[in-house]
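Participant:
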Amino acid sequence: MRRANPLLRRLPPYFLTWHTFRFRTICSGRRGFAGTTTTTTTNTKHLNTFTEQFEIGSRVITLETGKFARFANGAVVLTMENTNVLSTVVSAKGDAVRDFLPLTVDYQEKQFAQGVIPTSFTRREGAPKERELLCGRIIDRPIRPLFPPGFYHEVQVTASVLSSDGELDPDVLAANATSAALMLSDIPWGGPIGMVRIGRICGKFIVNPTTDELKLSDLNLVYAGTMDKTLMIDVQACEISEKDLEAGLRMAHLEAIKYIEPQITLAAKAGKSKKEYKLSMLSDKTMDKVRNIAEEPIKAVFTDPTYGKFERGEALDNITQDVKRVLVEEGDEESLKVLPKAVDTVRKKVVRERIIAEGNRVDGRQLDEVRPLYCEAGCISVLHGSALFSRGETQVLCTVTLGAPTDAQRLESVVGPPSKRFMLHYSFPPFCINEVGKHGGINRREVGHGTLAEKAFLAVLPPKEDFPYTIRVNSEVMASDGSTSMATVCGACVATERGAAVVRFVRFSPIDGRYYTIRAAVVRVAAASILIVRGSMALMEAGIPIREHVAGVSVGLVSELDPSTGKIADYRILTDILGLEDHLGDIDFKIAGTRKGVTASQLDMKPAGIPLDIVCECLEPAHKARLLILEHMEQEISIPRNKNDSTSPRLATLKYNNDAIRRLIGPMGALKKKIEEETGARMSVGDGELTVVAKNQSVMDKVLEKSQVLEKSQVESVAVGIYKYKKEVEDPVFFLALRKMHFKWPDVLPTCASICLLIGRSLLLPILVGPFDIRFSAA
Numbered sequence: 001m002r003r004a005n006p007l008l009r010r011l012p013p014y015f016l017t018w019h020t021f022r023f024r025t026i027c028s029g030r031r032g033f034a035g036t037t038t039t040t041t042t043n044t045k046h047l048n049t050f051t052e053q054f055e056i057g058s059r060v061i062t063l064e065t066g067k068f069a070r071f072a073n074g075a076v077v078l079t080m081e082n083t084n085v086l087s088t089v090v091s092a093k094g095d096a097v098r099d100f101l102p103l104t105v106d107y108q109e110k111q112f113a114q115g116v117i118p119t120s121f122t123r124r125e126g127a128p129k130e131r132e133l134l135c136g137r138i139i140d141r142p143i144r145p146l147f148p149p150g151f152y153h154e155v156q157v158t159a160s161v162l163s164s165d166g167e168l169d170p171d172v173l174a175a176n177a178t179s180a181a182l183m184l185s186d187i188p189w190g191g192p193i194g195m196v197r198i199g200r201i202c203g204k205f206i207v208n209p210t211t212d213e214l215k216l217s218d219l220n221l222v223y224a225g226t227m228d229k230t231l232m233i234d235v236q237a238c239e240i241s242e243k244d245l246e247a248g249l250r251m252a253h254l255e256a257i258k259y260i261e262p263q264i265t266l267a268a269k270a271g272k273s274k275k276e277y278k279l280s281m282l283s284d285k286t287m288d289k290v291r292n293i294a295e296e297p298i299k300a301v302f303t304d305p306t307y308g309k310f311e312r313g314e315a316l317d318n319i320t321q322d323v324k325r326v327l328v329e330e331g332d333e334e335s336l337k338v339l340p341k342a343v344d345t346v347r348k349k350v351v352r353e354r355i356i357a358e359g360n361r362v363d364g365r366q367l368d369e370v371r372p373l374y375c376e377a378g379c380i381s382v383l384h385g386s387a388l389f390s391r392g393e394t395q396v397l398c399t400v401t402l403g404a405p406t407d408a409q410r411l412e413s414v415v416g417p418p419s420k421r422f423m424l425h426y427s428f429p430p431f432c433i434n435e436v437g438k439h440g441g442i443n444r445r446e447v448g449h450g451t452l453a454e455k456a457f458l459a460v461l462p463p464k465e466d467f468p469y470t471i472r473v474n475s476e477v478m479a480s481d482g483s484t485s486m487a488t489v490c491g492a493c494v495a496t497e498r499g500a501a502v503v504r505f506v507r508f509s510p511i512d513g514r515y516y517t518i519r520a521a522v523v524r525v526a527a528a529s530i531l532i533v534r535g536s537m538a539l540m541e542a543g544i545p546i547r548e549h550v551a552g553v554s555v556g557l558v559s560e561l562d563p564s565t566g567k568i569a570d571y572r573i574l575t576d577i578l579g580l581e582d583h584l585g586d587i588d589f590k591i592a593g594t595r596k597g598v599t600a601s602q603l604d605m606k607p608a609g610i611p612l613d614i615v616c617e618c619l620e621p622a623h624k625a626r627l628l629i630l631e632h633m634e635q636e637i638s639i640p641r642n643k644n645d646s647t648s649p650r651l652a653t654l655k656y657n658n659d660a661i662r663r664l665i666g667p668m669g670a671l672k673k674k675i676e677e678e679t680g681a682r683m684s685v686g687d688g689e690l691t692v693v694a695k696n697q698s699v700m701d702k703v704l705e706k707s708q709v710l711e712k713s714q715v716e717s718v719a720v721g722i723y724k725y726k727k728e729v730e731d732p733v734f735f736l737a738l739r740k741m742h743f744k745w746p747d748v749l750p751t752c753a754s755i756c757l758l759i760g761r762s763l764l765l766p767i768l769v770g771p772f773d774i775r776f777s778a779a
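Residue numbers (the UniProt record's numbering): 1 to 779.
1. Report buried or exposed for M227, applying the criterion of at least 16 other Cβ atoms within 10 angstroms of its Cβ.
2. Would you kindly work out how many angstroms separate the C-alpha atoms of E154 and E412, rounded to a whole number?
3. Between G416, V207, Q409 and Q602, which lies nearest to P486 when the distance is taken from Cα to Cα?
4. I'd like to know whether the C-beta atoms of L231 and L173 end up nearer to each other than 9 angstroms.
5. Look at the Cβ atom of M281, then the Cβ atom of V346, and state whether they are nearer than 9 angstroms.
6. According to the Cβ coordinates, are K590 and V555 closer than 9 angstroms?
7. The alpha helix (DSSP H) spanning N318 covers which residue range?
8. The alpha helix (DSSP H) that contains D687, what's its start and end?
9. Would you decide whether P170 is buried or exposed? Buried here means 16 or more other CB atoms lie within 10 Å of its CB.
10. Could you tell me the alpha carbon to alpha carbon distance between V693 and D466, rounded to whole angstroms?
11. Let me make sure I understand the geometry here. Which of F68, V89, Y307 and L133 has the alpha-carbon closest to that of M441?
12. The alpha helix (DSSP H) that contains K299, what's its start and end?
13. If contacts are defined as beta-carbon pairs under 8 angstroms, then G385 and V400 qualify, I think. What distance do you get, rounded to the angstrom?
14. By DSSP, does L578 sit in helix, in strand, or in coil?
15. Quick one: residues in its chain with C-beta nearer than 7 angstroms to the C-beta of D218, no 5 flanking neighbours on either side, listed in chain order?
16. Just grab the DSSP bridge partners of L339 for me.
17. To which residues of the same chain is residue 797 closer than 7 angstroms at the C-beta, ignoring the five residues directly before and after it?
18. Counting only runs of 3+ residues fully inside the stretch 595–626, write out the beta strand (DSSP E) ranges in chain order.
19. Assuming Y571 and L557 form a contact by the criterion Cβ under 8 angstroms, report the distance between their Cβ atoms to the nearest whole angstrom.
20. In whole angstroms, give me the CA-to-CA distance for C398 and Y307.
21. With 16 as the cutoff for other CB atoms within 10 Å, does Y374 come out buried or exposed?
22. Report the partner residues of M80 according to the DSSP bridge assignment.
23. For the pair the stretch 244–256 and the stretch 469–476, tell me if three or more CB-CB distances fall below 8 angstroms.
24. Between K464 and the rest of its own chain, which residues show a CB-CB distance below 7 angstroms, the 5 nearest in sequence each way excluded?
25. To the nearest angstrom, report how far apart R410 and G416 are at their CA atoms.
26. Can you tell me whether I143 is helix, strand or coil according to DSSP?
27. Would you decide whether S120 is buried or exposed? Buried here means 16 or more other CB atoms lie within 10 Å of its CB.
28. How is the beta strand (DSSP E) around P111 delimited, first residue to last?
29. Near K274, which residues of its chain fall below 7 angstroms by C-beta distance, leaving aside the five closest residues on each side in sequence?
30. Take G680 as the anchor and find which of K695, L690, L671 and E689 has the nearest alpha-carbon.
31. Indicate whether C490 and M633 have their beta-carbon atoms separated by less than 9 angstroms.
32. Please state if the CB of T394 and the CB of V477 are separated by a distance shorter than 9 angstroms.
33. Is it right to say H439 is buried, meaning 16 or more other beta carbons lie within 10 angstroms of its own, or is it exposed?
34. Please determine, among D332, T594, G609 and P468, the residue with the shortest C-alpha to C-alpha distance to I544.
35. Where E81 and E276 are concerned, what is the direct C-alpha to C-alpha distance, given to the nearest angstrom?
36. Locate the beta strand (DSSP E) running through S475, then write down its first and last residues.
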């Protein structure tokens with residue numbers, strides 16, 4: 001090194017050996033001597049965490065804060081067994097600039113939570129899925145009413161599933177974690193809340209059921225509330241009676257409040273002091289001025305039952321413009337800024353006082369009276385099914401489209417089924433309320449309303465084995481004046497029963513060259529080229545065979561509080577609420593079901609909770625209204641119609657063995673593709689089955705004709721009687737003894753006989769399993 005750099009020749013010889021003198025650096029000097037001890041990192045915990053553990057429904061639950069997301073206003077991780085959910089809440093800085101609460105709830109189920117890499121091209125999670133939007137609504141609905149009036153600061157809640165083994169649905173856990181995070185934060189909020197899921201198997205209620213238990217349960221109830229009030233209800237059931245539903249609600253309340261005390265304890269340990277936010281409240285001066293000008297004209301509008309929604313809205317807008325004109329003349333800028341809110345407050349006071357005092361509604365109906373109904377099935381031609389349903393000025397057009405089993409929607413979530421074959425899509429275009437707006441995109445409200453109506457039908461749909469179609473129902477709101485989601489249930493029911501589906505389970509007979517429908521008991525086959533007998537199959541040329549009519553109605557509530565206690569002093573329950581009553585009332589309790597019981601329900605409210613007794617009282621008027629609506633619907637269509645026209649789709653399931661199927665589809669599926677291109681039908685191959693979906697009967701006939709040629713070439717002979725075949729089998733005699741046989745093939749087979757089929761030089765040996773009855777009838 002010295003030879004390479006001449007400058008180093010002038011340095012002392014010991015300079016380059018500075019490390020032997022235990023210097024840390026070349027310029028260390030006397031302070032540069034390294035000590036004999038070295039600094040090591042101690043294994044010290046720097047995170048100050050707080051936990052609270054409790055037990056609900058035989059499962060241990062843990063609330064933890066201080067470990068994740070420490071910069072958020074509040075953050076909590078809730079753990080139940082192998083499911084972990086993180087919920088964070090953040091509030092915007094500065095003053096509020098809006099006249100409503102801009103609360104956003106985002107629920108995320110990322111694939112890492114179940115140890116899976118996303119299958120998208122970028123291997124990233126994309127836009128929020130429908131399930132994530134629905135879980136976000138489950139969290140939003142109970143926490144929104146508990147923010148103080150006038151608090152209009154932006155708040156964002158983010159609930160993320162950290163891990164899940166698929167045993168428990170994380171949505172309820174996310175809601176409880178959000179409540180705990182709000183309690184810990186410095187954001188003003190009137191919680192805590194508790195949320196619980198209740199199932200029922202064999203009449204016994206189950207708290208926090210697993211996904212496997214929910215498959216056996218006839219009830220899926222999600223309930224949220226405070227210590228003494230109900231905040232949110234979401235129900236999917238298999239025609240459960242109102243009495244049993246009430247019992248489930250009361251049990252759910254007792255279990256939900258168990259979440260509240262641990263949250264209060266955790267907030268006492270690690271909670272922040274609540275900030276002083278500026279609340280946007282109306283001044284008494286402004287309210288008195290607006291009330292003096294607008295109250296009497298508003299009363300005149302609301303006491304005239306001849307007004308429709310459109311006319312009433314125009315009259316109220318004219319009153320608002322009159323008030324604005326007076327305030328402009330007076331130069332009251334402060335009142336002008338809050339004029340819409342002040343006028344709306346006067347409207348609310350007038351309507352509620354009239355309902356409480358007189359029991360009269362704005363359209364002149366009684367409290368339990370349902371609006372006039374109109375129902376028309378098959379209102380649009382060509383479609384597989386359609387119906388127009390009107391209730392008052394609310395009008396909904398529902399259409400049904402049937403597809404192949406492969407058209408089922410694939411689902412990707414941490415819990416739940418991998419696909420679904422029944423879909424109900426709800427659309428709320430701007431023209432239905434006479435407004436200008438944008439079309440398209442995923443709207444949380446539309447997804448929520450469509451899912452509620454979808455849940456109402458799951459209990460009455462035929463099983464996949466009997467009706468393998470994929471069903472899509474579209475609900476287009478033509479005019480909205482309240483209860484459009486429940487009108488969707490009614491319209492979709494009529495349209496579904498009108499839907500023309502023909503499911504044909506067929507078998508070609510080589511005896512007379514015709515296709516036949518065959519009913520038989522369980523039969524095993526020892527060796528065959530073509531399977532002739534199939535259990536429990538029949539020709540169905542009718543609409544979708546739902547078991548019962550389904551109808552829905554919305555129930556509202558108007559209450560009056562005692563100023564001294566803040567409790568409800570008087571209230572009125574409203575059946576079939578208008579859009580105005582929904583806006584100015586306390587709750588919107590949607591209940592759908594059949595004559596036998598409730599299949600779906602959803603409760604939303606504006607005040608900070610309603611006593612459970614009042615909520616249960618709403619079930620009876622909803623039941624009476626539902627029976628009235630069902631009676632009207634049955635007058636239009638009582639059973640699924642047998643509509644066998646040119647537009648009806650067809651589905652056929654042909655039974656073959658694997659050799660025959662291979663010959664049918666051809667090399668690399670060439671023959672199958674050729675048939676699909678020539679006919680326009682779609683063919684799918686299963687285990688010994690060939691499923692054909694055609695747009696109409698003519699297309700199906702073409703496909704069956706082409707497959708008939710193939711099948712005839714496979715059958716060499718059919719023999720009736722007892723056959724001896726010594727070359728292929730050891731036992732010289734094979735026979736099948738049938739106890740009862742009824743043939744409708746004239747002059748082909750005797751009334752009673754024993755059958756064996758000699759096919760492709762090999763013996764078909766049906767083996768009797770038990771007593772059965774075989775009936776052959778021409779399709």
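Backbone N, C-alpha and C define an ideal beta-carbon position, used for all residues, glycine too.
Facilitator: So, from the data block:
1. exposed
2. 31 angstroms
3. Here residue 486 is Met; the residue named in the question, Pro, does not match the sequence. If we check each option's Cα against that of M486, Q602 comes out closest.
4. no
5. Not a contact, by the Cβ cut-off of 9 angstroms.
6. yes
7. K309 to E330
8. For D687, there is no enclosing alpha helix (DSSP H), as DSSP marks it with neither H nor E.
9. P170 counts as buried, since at least 16 other C-beta atoms from the protein chains shown sit within 10 angstroms of its C-beta.
10. 15 angstroms
11. The sequence shown places Gly at residue 441, rather than the Met named in the question. Measuring from the Cα of G441, the nearest candidate turns out to be L133.
12. D284 to F302
13. 3 angstroms
14. coil
15. Answer for D218: R200, A237, C238 and I240, listed in chain order.
16. The partner list for L339 (beta bridge, DSSP) is empty, contrary to what the question assumes.
17. In the structure as shown, the chain begins at 1 and stops at 779. Residue 797 is therefore absent and cannot be evaluated.
18. 598–605
19. 6 angstroms
20. 28 angstroms
21. exposed
22. I61 and T83
23. With the cut-off at 8 angstroms, the stretch 244–256 and the stretch 469–476 do not touch.
24. Taken in chain order, the residues that qualify are R421.
25. Distance between the alpha carbons of R410 and G416: 11 angstroms.
26. helix
27. exposed
28. Before going further, note that residue 111 is Gln rather than Pro in the sequence given. First-last for Q111: undefined, no H or E at that position.
29. D186 and P188
30. K695
31. For C490 and M633, yes; Cβs fall inside 9 angstroms.
32. yes
33. The residue in question, H439, is exposed, as its Cβ has fewer than 16 Cβ neighbours within 10 Å.
34. P468
35. 38 angstroms
36. T470 to A479
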